[in-house]
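What follows is a short report on a single structure.
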Amino acid sequence: MKKITLVDGNSILFRAYNATAYPGAKVLQTSTGIYTNAVFAFSGMIDKIIEISNSHMLIAFDTGEPTHRHKSYDDYKAGRKEMPEELGSQIPLIHELIKYLGIKEYSMAGYEADDIIGTLAKMAEKAGYKVDVFSSDYDLLQLVTEHITVHMLKKGMRVVETYTPETLKETYGFSHELFIDFKALVGDKSDNIPGVPGVGEVTAKKLIAEYGTLENILNNAEHIKGKLGENIRTNKEQAVFSKELSTILTDMPLPFDLEDTKVGEVDEESLINFYKRLELKQLVISYNKKNPEVAATTAETSEFQYKAIDSENALKSLLNQDLAIYFEFSDFNYHKAELWGVGLSNGKINYFVDSETFLNSASFKAYLESSKYKKYTYHYKGTKVFLKKLGTEFNHVTYDLLLAAYLIQSSIGKQDFTFIAQQFQITDIQYDEEVYGKGAKKALPLIPSDYEGHIAKKAYIIHKLMQQTLDVLTERNQLSLLNDVELPLSDVLADMEYQGLTVDLKELENQTKDMSLRIDKLRTEILLLAGVDFNVDSPKQLGDVLFDTLGLPNGKKTKTGYSTGIEVLNNLIDHHPIINLIIEYRQLTKLYSTYLIGIKESVFEDNRVHTIYNQALTLTGRLSSLEPNLQNIPIRTEEGRQIRKLFIPEPDSYFVGADYSQIELRVLAAMADVKNLKQAFEEDQDIHTVTAQKVFHVDTVDSEQRRRAKAVNFGIIYGIGPWSLSEDIGVTVKEAENFISRYLEVYPEIKDYMTNIVEFAKTHGYVETLLNRRRYIPELSSKVFNLREFGKRTSLNAPIQGTAADIIKLAMIDLHNYLKDNKKKSKLILQVHDELIVEVVKEELDEMKEVIPNIMEKAFNLGVRLKTSCDVGNNWYELK
308 MKKITLVDGN SILFRAYNAT AYPGAKVLQT STGIYTNAVF AFSGMIDKII
358 EISNSHMLIA FDTGEPTHRH KSYDDYKAGR KEMPEELGSQ IPLIHELIKY
408 LGIKEYSMAG YEADDIIGTL AKMAEKAGYK VDVFSSDYDL LQLVTEHITV
458 HMLKKGMRVV ETYTPETLKE TYGFSHELFI DFKALVGDKS DNIPGVPGVG
508 EVTAKKLIAE YGTLENILNN AEHIKGKLGE NIRTNKEQAV FSKELSTILT
558 DMPLPFDLED TKVGEVDEES LINFYKRLEL KQLVISYNKK NPEVAATTAE
608 TSEFQYKAID SENALKSLLN QDLAIYFEFS DFNYHKAELW GVGLSNGKIN
658 YFVDSETFLN SASFKAYLES SKYKKYTYHY KGTKVFLKKL GTEFNHVTYD
708 LLLAAYLIQS SIGKQDFTFI AQQFQITDIQ YDEEVYGKGA KKALPLIPSD
758 YEGHIAKKAY IIHKLMQQTL DVLTERNQLS LLNDVELPLS DVLADMEYQG
808 LTVDLKELEN QTKDMSLRID KLRTEILLLA GVDFNVDSPK QLGDVLFDTL
858 GLPNGKKTKT GYSTGIEVLN NLIDHHPIIN LIIEYRQLTK LYSTYLIGIK
908 ESVFEDNRVH TIYNQALTLT GRLSSLEPNL QNIPIRTEEG RQIRKLFIPE
958 PDSYFVGADY SQIELRVLAA MADVKNLKQA FEEDQDIHTV TAQKVFHVDT
1008 VDSEQRRRAK AVNFGIIYGI GPWSLSEDIG VTVKEAENFI SRYLEVYPEI
1058 KDYMTNIVEF AKTHGYVETL LNRRRYIPEL SSKVFNLREF GKRTSLNAPI
1108 QGTAADIIKL AMIDLHNYLK DNKKKSKLIL QVHDELIVEV VKEELDEMKE
1158 VIPNIMEKAF NLGVRLKTSC DVGNNWYELK
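Counted the way the numbering used here counts, the sequence shown spans residues 308 to 1187.
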């Protein structure tokens, strides 16, 4: 028996979108801002449907144009929300996907997808086909017969209800032929079909069980007692009309026959490139796993040529030229990773060197340390740290593909090598997951040829993309950012990471023990106040206790239970003493697990933590860190600040910390040429007092006026609006709006800057720092209001925050060079936001207290005076 699968495309499409765009979810996008969440989910759902292996298949769609139902009933589907722009933009991509899958799709003006499915289902049934229908629209259950099975999707493809005549009767209590009568009685809110008022599913089932068809129910309406009978008699015409609206057509004209729905060949090359273009890495990997013959034809080793080097003599003969070099590590944390191999390329010939040959090669070590030949690489900083641990320096590196790609498009730096290669139209390279596996299963393949070409090809790609990316950077006036900022900074960061920070293990033990005891005590007090035993760490159980057991007001339920976020808890503080305990409990457990335990797990054998600075991650150019994250240790509470006591200098040394003062305001003053601000900074005045004097027209400023001026001074950098400012300073929205207006009257240059920079971003698609670092802002062209507003705020802030980041990077380079050139024992060990921390030996302390601020203040000619504050301490905590 032939089989055909019919898919309700619109139903699947909306379910795919809503499953991945719920409130709080980060909607999947490409690095250039193209929405792909619906494509990703739709592809997965269709893939599951294809597994049924029917020989024929069609996906039906609505056209969006009025149908015969709209013409007969003006309110049909009235009130439905408009399709979200994020979904609408993906519909052409969905059609492209279906084409590559070799599946026929169809839509026809004047008809709905249901009508297409109904007509084809009956046509196929008559021709002797077995029919499978997939949808989440229960209207289609009216099609169920012995040969037509309807599958209702409940949770993606994880939960599917299958309806045959038998299962439909078990569920509803009547035969499948009567389902349309059931729909006529209950109506359909989603389609605005009225049905009979007062008749729900339970009542409809009873009526059908007793009388059968709608017509028979209406004929016996006089015998139905009470309000129900009255409603049926009053709404006879409406019931009949509801049945007409609900009835799916099974005889619409179709310009094709069943054989035209035969599943065709998958256009595998186009499909894979489509997935790669949309940066849907998991779909590429998944498809290749299911179709290993495809993976084999697209793998780089099939066409890519390389030579495996396994001897010192063979290796030595290569090391007399400029080379692209790629080091493959077993883990992204190169501080503890193993070397899996090295790729080399001169652009014409490509090589693979196994780890044992490399580690035992004196000639390779000499080559890496030599300044005679240029080296081109990927992730220079990480490679340099790894080599330093082996006692080898990595010198004369003139190009880093990761940094170049990051400068061209900052959103792609966080991705892996293959992803970056794809952004420059190189698609014939596998993902690391395809070669090595993932998670606990990640390992070097037993057969060398399974990975040698993969590693060698990465070196080839570095060489191949070098000139292309350098040309782009040159055209954009960004070459100096690579050569004078990012590459030298990699040297600085590598030394900082290698040096690490000493941890006071005794202090760590004491804080961990004390914090654990406090958490246990709080947990006990919370349970006593609650009066029931529950898991305090479970948001769901906590919500049930707060709003059901204790009966606190304003509980808001989500799909997973009551919301218990900090805003909810803050609003409940006055309602029950348990709330303050819960807030404190959460603060302490966060500090305990993320920082105390996190730091403990990150300590190496040298009693130091060696954090990883992310040089190519943030969109603004700022540095971030992880394993452990030293930049986000909370300092608003004393418990958070205490964690900084864990980090101490070496014996006979101190920590010297120098922090830029109000650097982003100074950058704003320079970029917007704000004369009053520039003068105030030049004269070293209190900028918040100056602002308050001008805005409030007073000579003497009280603390509240200064606080408000400070809030708007810093808030304006982030595009703060009246509502947010009102929340920050405790005034009405109208008062905040007036305050912002007066502020912009005092500093009209800022108002002009805000207008001009947003217009520039709209016209060019990006904004720039003073050093030409770009951030692209696709949100400005969105049809979604909130996204456009986010784009405007980003346009204002990115040039300022990015310039501040560039300045501190220059300061780090200058300070590092000073310490190195003057053979100082002191070492730069930490960068946090606008602060640099140096471990200073005792005999250099007086000099460093002058040198560090001086270097930082002269790092960049901003046109506005840069100022720093400097502190000395015996641990990080003491640097106030």
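Glycine included, every Cβ here is placed at the ideal spot set by N, Cα and C.
All figures in this text were calculated on a predicted structure; none of them were measured in a lab.
- Going by other Cβ atoms of all chains shown within 10 Å of its Cβ, with 16 needed for buried, is Val509 buried or exposed? exposed
- Inter-residue Cα distance where the pair is Ala328 and Ile423: 28 angstroms
- Query: When you compare each of Lys309, Ser652, Gly689 and Ile1023 to Tyr641 by their alpha carbons, which one comes out closest?
  - Reply: Gly689
- Item | Secondary structure of Thr327, DSSP reduced to three states | If DSSP states are grouped into helix, strand and coil, Thr327 belongs with the helices.
- Tell whether a beta-carbon distance below 8 angstroms holds between Phe671 and Phe665. yes
- Item | Any C-beta of chain B under 8 angstroms from that of Ala711 | Of the protein chains in the structure, only one exists, and it is not chain B.
- Query: Alpha carbon to alpha carbon, how far is Ala728 from Lys310?
  - Reply: 42 angstroms
- Item | Cut-off 7 angstroms between Cβ atoms - residues of its own chain near Ser968, not counting five sequence neighbours on either side | Excluding residues within five positions, the ones whose Cβ falls inside 7 angstroms are Lys1174, Thr1175 and Ser1176.
- Query: Out of Glu522, Asn538, Asn527 and Ser482, which has the shortest C-alpha to C-alpha gap to Gly507?
  - Reply: Asn538
- Item | DSSP three-state assignment for Asp966, whether helix, strand or coil | strand
- Take Lys1058 as the anchor and find which of Glu1086, Ile1027 and Arg1082 has the nearest alpha-carbon. Ile1027
- Item | CB contact flag (Gly1180, Tyr961, <8 angstroms) | yes
- Query: Going by DSSP, which residues form a beta bridge with Asp439?
  - Reply: Thr312 and Thr456
- Give a yes or no on whether the C-beta atoms belonging to Ile366 and Ile398 are separated by under 8 angstroms. no
- Mind checking who Ala631 pairs with in its DSSP beta bridge? Ser652 and Tyr683
- May I ask you to report which of helix, strand or coil DSSP gives Asp421? helix
- Message: Could you check whether Tyr767 and Ser652 sit closer than 8 angstroms to each other, using their CB atoms as the reference points?
- Response: yes
- Message: Pop quiz: Ser553 and Asp446 are said to be a contact at Cβ under 8 angstroms. What is the actual Cβ separation, rounded to whole angstroms?
- Response: 6 angstroms
- Of the residues Phe349, Gly858, Val334 and Asp564, the one placed nearest Ile319, counting alpha carbons only: Selection Phe349, Gly858, Val334 and Asp564 evaluated against Ile319 yields Phe349 as nearest (Cα-Cα).
- Item | Close Cβ partners of Val1091 (< 8 angstroms) along its chain, the five nearest in sequence each way excluded | Pro391, Glu392 and Glu393
- Message: Less than 8 angstroms between the beta carbons of Thr684 and Asp707, yes or no?
- Response: yes
- Look up Lys532 in the DSSP assignment and say whether it is helix, strand or coil. coil
- Query: Where does the unbroken beta strand (DSSP E) through Asn523 begin, and where does it stop?
  - Reply: From DSSP, Asn523 is part of no beta strand (DSSP E) but of the alpha helix (DSSP H) over Leu521 to Asn526.
- Pull up the CB-CB distance for Leu709 and His686, whole angstroms please, since I reckon it's below 8 angstroms. 5 angstroms
- Message: Once DSSP output is grouped into helix, strand and coil, what is the label at Ile919?
- Response: strand
- Own chain, CB closer than 7 angstroms to Ala606, minus 5 neighbours either side, in chain order: Only weak support is given to the placement of Ala606: the predicted model assigns it a pLDDT of 49, under 50, and the value that follows is read from those uncertain coordinates. Only Gln737 meet the Cβ criterion.
- Does the stretch 768-784 come within contact of the stretch 1102-1120, defined as at least 3 CB pairs closer than 8 angstroms? no
- Buried/exposed call for Thr1039, threshold 16 Cβ in 10 Å: exposed
- In whole angstroms, what is the alpha-carbon distance linking Asn1129 and Asn595? 56 angstroms
- Where does Gln612 land, buried or exposed, given buried means 16+ other C-beta within 10 angstroms? If you draw a 10 Å sphere on the C-beta of Gln612, you find fewer than 16 other C-beta atoms in it, and that means exposed.
- Query: Just the Cα atoms here: how many angstroms apart are Ala1018 and Leu1103?
  - Reply: 17 angstroms
- Message: Does the structure place the stretch 838-854 close enough to the stretch 919-936 that three or more beta carbon pairs sit under 8 angstroms?
- Response: no
- Query: Can you name the residues that DSSP bridges to Tyr413?
  - Reply: Ala367
- Query: Nearest to Ser618 by alpha carbon, out of Asp315, Ala669 and Leu794?
  - Reply: Ala669
- 6 angstroms CB neighbourhood of Ile616 in its chain, flanking five on each side removed: Short of 6 angstroms from the beta carbon of Ile616, and not among the five residues preceding or following it, lie these beta carbons of its own chain, in chain order: Leu622, Tyr658 and Val660.
- Query: Taking DSSP as the reference, what is the three-state secondary structure of Asn344?
  - Reply: Here Asn344 sits in helix by DSSP.
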